[in-house]
Amino acid sequence: MSLSVKEVRKALSAKGSLLLVEAVPGIRYGEVVEVTLGTGETRLGQVIDVSKEVAVIQVFGGVSEVNTKAARVRFRGETLRIPVSLDMLGRIFDGLARPIDGGPPILPEDWADINGAPINPASREPPSEFIETGISAIDGLFSIVRGQKLPIFSGAGLPHNRIAAQIVRQARVRGKGEKFAVVFAAIGVTYEEAYFFMESLRRTGNIENIVAFINTAASPVIERIAIPRVALTTAEFLAWKYGMHVLVVMTDMTNYCEALRELSAAREEIPGRRGYPGYMYTDLATIYERAGRIRGKDGSVTQMPILTMPDDDITHPIPDLTGYITEGQIVLSRDLHRKGIYPPVDVLLSLSRLMKDGVGPGKTREDHYQVFMQLIAAYTEGQYLRELSAIVGTESLSERDRKYLAFADLFERRFINQGEYERRTIEQTLDIGWELLATLPEEELKLISVENIKKYHPKYRRGGKGE
Amino acid sequence: MVKGRIWRISGPLVVAEQMHGSMVYEVVYVGEERLIGEIIGMQGDRAFIQVYEDTSGLRVGEPVEGSGDLLSAELGPGILGRVFDGLQRPLSDMELIVGPFVERGVKLPSLPRDKKWVFRRNTDLRVGDRVRPGDVLGTVKETELVLHKIMVPPNVHGTLVELAGDGDYTVEDVIGYVDVGGGRKVELKLMHRWPVRKPRPYLSRLEPTEPLIIGQRVLDMMFPIARGGKAAVPGGFGSGKTVLLQTMTKWARTQINIYVGCGERGNEMADALHSFLRLKDPESGRPLAEKAVFIANTSNMPVAARETSVFLGVTIGEYFRDMGYDVLMVADSTSRWAEAMREISARLEEMPGEEGFPAYLGSRLAEFYERAGRVKCAGSPERTGSLTIVGAVSPPGADFSEPVTQNTLRYIGTLIALDVTLANRRHFPAISWLISYSLYVETVARWWEKRFPNWKAMRDEALEILQRENELMEIVRLVGPDALPDNDKLLLDAARMIREDFLQQNAFHPIDAYCPPEKTVGMMEVILTFYHEARKALEAGVPLEKIRALPVRAKIARMKEVEYDKFPSVKEELLREIHESINSLIGGAAA
Ligand SMILES: Nc1ncnc2c1ncn2[C@@H]1O[C@H](COP(=O)(O)OP(=O)(O)O)[C@@H](O)[C@H]1O
Ligand SMILES: [Mg+2]
């Protein structure tokens, strides 16, 4: 390896986080470089374009203050790798996997390329194991399965961190005592946010199952490009090497995208929509697609990225491209939040694409999917009637319509709303759903089969013992 | 072969020098690992190469070698039921060699080399016969569902000088020779190769007069696609593109289905593979995978190969079309391919067009969609085949005014516009009845009317009711539903029945996932009959509340769940109940 190390003593120019150097023979595309600044400090960088004449290096930590004349660039001859080890559990690192908790360095079991390798689609096992989070809005309506990537679309000031922390605290697969771990990546968030997370994770008493990577708002912007990949590389190591079920929480992906935009601008690329690079979809996909299950392997990587939608706009490129890649989205609603509903899940905009494979007989309950469909349909109708009655008043509404109006209120207060430390089983969640559906005329329950109505509708269960 | 050196590496774009003598679209091997690339432009002795595998670690100065070939597909037995990447590498074989992660530089034959196929020679052919491209030499029963016809490859004309008899052969065994003149003999094998960017020849194009039955009511009844037609499915994320495309490849009445996952999710692809093995073809009861080919180039796989994946899919589609089959190919999503084009174009520093897409976006999309069609196939025996293409489009922000959607609209016959608002309300399939259209309605009407004389009239009436609903809802939003006269309220009821009890179709329901034509037309007939009868009752002075309270309405809402073979009697029963209950209401009003 050391034979392939090459050195260049003269940088041609520097701009933002980019350094142009005269090419020497043998530079590899994508390889890691060490840039030693005039001050003697060393930073890591990566070759992002190379020709016979010039190499373009993206420097983690930036190069704006570099004295280009005095800089020295060493080419390491390999792509960016991080040390990985089971000992990382319980530790805290920066965006390039260097310990920042005062503990000893990690003895690597292996060195892993932070870009990973795409899972062969033919080797994937379709995710289907229901994760019970204890949160009705999620378990009942947008169920998460192991190996899924399901983001939270939030807005400034909404309680996404509390929800994510509650999920981390409560999530379990029923009837299984398997090895699990949480990998947490804080991307450009405030110190308080990062601290809040670390504290609430600590309070679960499982700190030895958590690996944290932290890049705060004050850390170098360019490291934000690396941190999700570093976190996922660690998660993959734990999942595929040690068979662990790993939940990766990454917050805030909006900061990642901003860093990507900055980098693209520095490279003088033609900007795409609203200034974000045209390849942002592909770039995000190389992060999010690292969730999944692999046939014949025990572990899994489940992702819960959190992002704040600029201006609460779901069509903004960041949530838009994310939604095109992830397997659904949990969208938070400012309206519900104002009404004091926690968790303020926007039921109409949220979706779990993998739900259908994770619910039903043998997994949750046979009526689950139909109850979900009917609840959403009824709430949609209730919402529509709310808007209508705001204009024309409730007087002109029929008896049926009024029942739907009342349903919508009940649904928000009884079903969606719950305590931050309240854990409901899926049966409890579905039973609350039935209780609410029972307030509607029975013939309105078109999406539920007659058998399930006979079996679960409170009207028929009250007399008997139920199940 | 030309041998050059890498001059520059920029993501998937590699520039090589000393490439004099190479041609555009030639396949080249890049670097010591011999990564597969394709020349997309030449400038002096420099070749601009899009590399179909990850370029990390490549060095300036590494060798680049020309192949002299165009990027081609291997066509022959062993293609069905398999998953290929955009370069037609079989992904399940790759797993055996390199494990569960896709690695670059892996070279694998597309079709299995050691498997022997049972070849049945065409008994009408004799040595000494003149043969033309497309002539059927014999057949291989590749799966229970598909008889794979072994044809004289395109471009081969001449005299058959040898043809093997019935027997077991691998795809590489020589099964005969054609003397093409000039002392040249061409070998015949069970497989041949064909360049993916080049349309396969046929005798003539036929008018797309037959509908492709899809088993989705809203499509079959409202916005039909013709066999050999072209359709686009634009829609924001979560609007139901993938589910619809998968549903089509599951239930459409075709002999071959090709599913191209282009720049989309890995889990989705895995789900498709698993469900195609599990689900049975409704007519034969055999696993759907027996008549399907999968091409998977997921969003995290190399971007340049998105382009090859769609052209590979089309080429395989044409190949089965040439056998005289009806083929459906779906591509999810064409936008990801367009974005890959944009990325490469930007690296080439080409003049960007709208939203950074290259100026040739439109012509490239045309090259793709124009390969759909219903044709008289080349060769004997005489036969017709069709290739239907359906492409998903993923407009940023669900805004259809963007370049990929707009360019696509120029080439397609059916627009299946998905509406995020409908999807949010869980109206599935979320096909907007106000924006979607089909240019095939008139041409396929004849087929339908031969079987169901009122197809067109019912279709038009249902759409009219929905249109009128849309107008009325504007009024309702201003003044409330009470302000409407009773006949308009009834129309709103009818529109609601059409939407909820007919258009909505749950792709995951064990019965309703597929709806045969008889049931589709029958359901519409029941709903419209109810509406007509109810109108009569209203005119006869029956109060609307009484009509609304009729128990038959709840039964109509459950028609979807009725099994196909029971439906005819259920339908008769419903029609009878409608007439009787309305008549008794009218009788009561008169009394
Ligand atoms: N016909 C349908 N029946 C039931 N659910 C559907 C149907 N079409 C779509 N869905 C629901 O919508 C979700 C998103 O659909 P999908 O096809 O993945 O959207 P897109 O590809 O447009 O992003 C699915 O996961 C499913 O829950
Ligand atoms: Mg999709």
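Chains as they are written, first to last, in the numbering used here: chain A, 1 to 467; chain B, 468 to 1058.
Beta carbons are placed, not taken as given, at the ideal position from N, Cα and C, and that holds for glycine.
Remember, predicted model here, so these are calculated numbers, not experimental data.
Residue-level contact to chain E via CB, residue 282 (chain A), 7 Å cutoff: Absence of chain E from the displayed structure is noted, the protein chains being A and B.
Proximity below 7 Å, CB of residue 493 (chain B) to CB of residue 553 (chain B): Not a contact, by the Cβ cut-off of 7 Å.
C-beta contact flag for residue 770 (chain B) and residue 79 (chain A) at 7 Å: no
Cβ-heavy atom distance, residue 710 (chain B) to ligand 1, below 6 Å: At least one heavy atom of ligand 1 is nearer than 6 Å to the Cβ of residue 710 (chain B), so yes.
Closer than 7 Å to chain B by CB, residue 29 (chain A): yes
Between the CA atoms of residue 837 (chain B) and residue 38 (chain A) - distance to the nearest angstrom: 60 Å
Assigned secondary structure, residue 786 (chain B) (DSSP; H/G/I helix, E/B strand, else coil): helix
For residue 509 (chain B), three-class secondary structure by DSSP: strand
Minimum Cβ-Cβ distance from residue 741 (chain B) to chain A less than 7 Å: yes
Residues near residue 573 (chain B) by beta carbon distance below 7 Å, same chain, minus five either side: If we look at residue 573 (chain B) and ignore the five residues flanking it on each side, its Cβ neighbours are 556, 561, 564 and 565.
Cβ-heavy atom distance, residue 501 (chain B) to ligand 1, below 6 Å: no
Beta-carbon spacing of residue 623 (chain B), residue 663 (chain B) below 7 Å: Not closer than 7 Å, so no.
Pairwise C-alpha distance: residue 301 (chain A) and residue 235 (chain A): 7 Å
Residue 899 (chain B): CB within 6 Å of a non-hydrogen atom of ligand 1: no
Contact list for residue 589 (chain B) against chain A, beta-carbon separation under 8 Å: Proximity of chain A to residue 589 (chain B) at the Cβ level (cut-off 8 Å) is not reached, the minimal Cβ distance being about 35 Å.
Residue nearest to residue 75 (chain A) in terms of C-alpha spacing, selected from A:102, A:47 and A:60: A:47
Interface flag, residue 348 (chain A) vs chain B, CB-CB below 7 Å: yes
Close beta carbons around residue 54 (chain A), own chain, < 6 Å, minus the five adjacent residues each side: 20 and 23
Interface residues of chain A facing residue 770 (chain B) [CB-CB closer than 9 Å]: Close to residue 770 (chain B), with beta-carbon spacing below 9 Å, are these residues of chain A in chain order: 279 and 282.
heavy atom of ligand 1 below 6 Å from residue 974 (chain B) C-beta: The answer is yes for residue 974 (chain B).
Residue of B:531, B:484, B:516 and B:521 minimising C-alpha distance to residue 499 (chain B): B:531
Interface flag, residue 110 (chain A) vs chain B, CB-CB below 7 Å: For residue 110 (chain A), the nearest beta carbon of chain B is not closer than 7 Å to its own beta carbon.
Neighbour flag for residue 215 (chain A) against chain B, beta carbons, 7 Å: no
Inter-stretch contact at 8 Å, needing at least 3 Cβ pairs: the segment 852-859 of chain B / the segment 788-795 of chain B: yes
CB contact check: residue 19 (chain A) to chain B, cutoff 7 Å: no
Contact belief for residue 148 (chain A) with residue 239 (chain A) at Cβ below 8 Å, rounded distance in angstroms: Not a contact, Cβ separation roughly 14 Å.
Proximity test, residue 803 (chain B) beta-carbon vs ligand 1 heavy atom, cut-off 6 Å: no
Test: residue 6 (chain A) CB closer than 7 Å to a CB of chain B: no
Where residue 577 (chain B) falls, given that 16 or more other Cβ within 10 Å makes a residue buried: buried
CB contact below 7 Å: residue 355 (chain A) versus chain B: no
Secondary structure, beta strand (DSSP E): runs of 3+ residues fully inside the segment 161-214 of chain A: 180-189
Cutoff 7 Å: residue 228 (chain A) Cβ touching any chain B Cβ: no
Buried or exposed by the 16-neighbour rule on C-beta atoms within 10 Å, applied to residue 692 (chain B): buried
Cβ of residue 392 (chain A) within 7 Å of any chain B Cβ: yes
Distance, residue 323 (chain A) Cα to residue 130 (chain A) Cα: 21 Å
The alpha helix (DSSP H) enclosing residue 358 (chain A), as first and last residue numbers: 355-358
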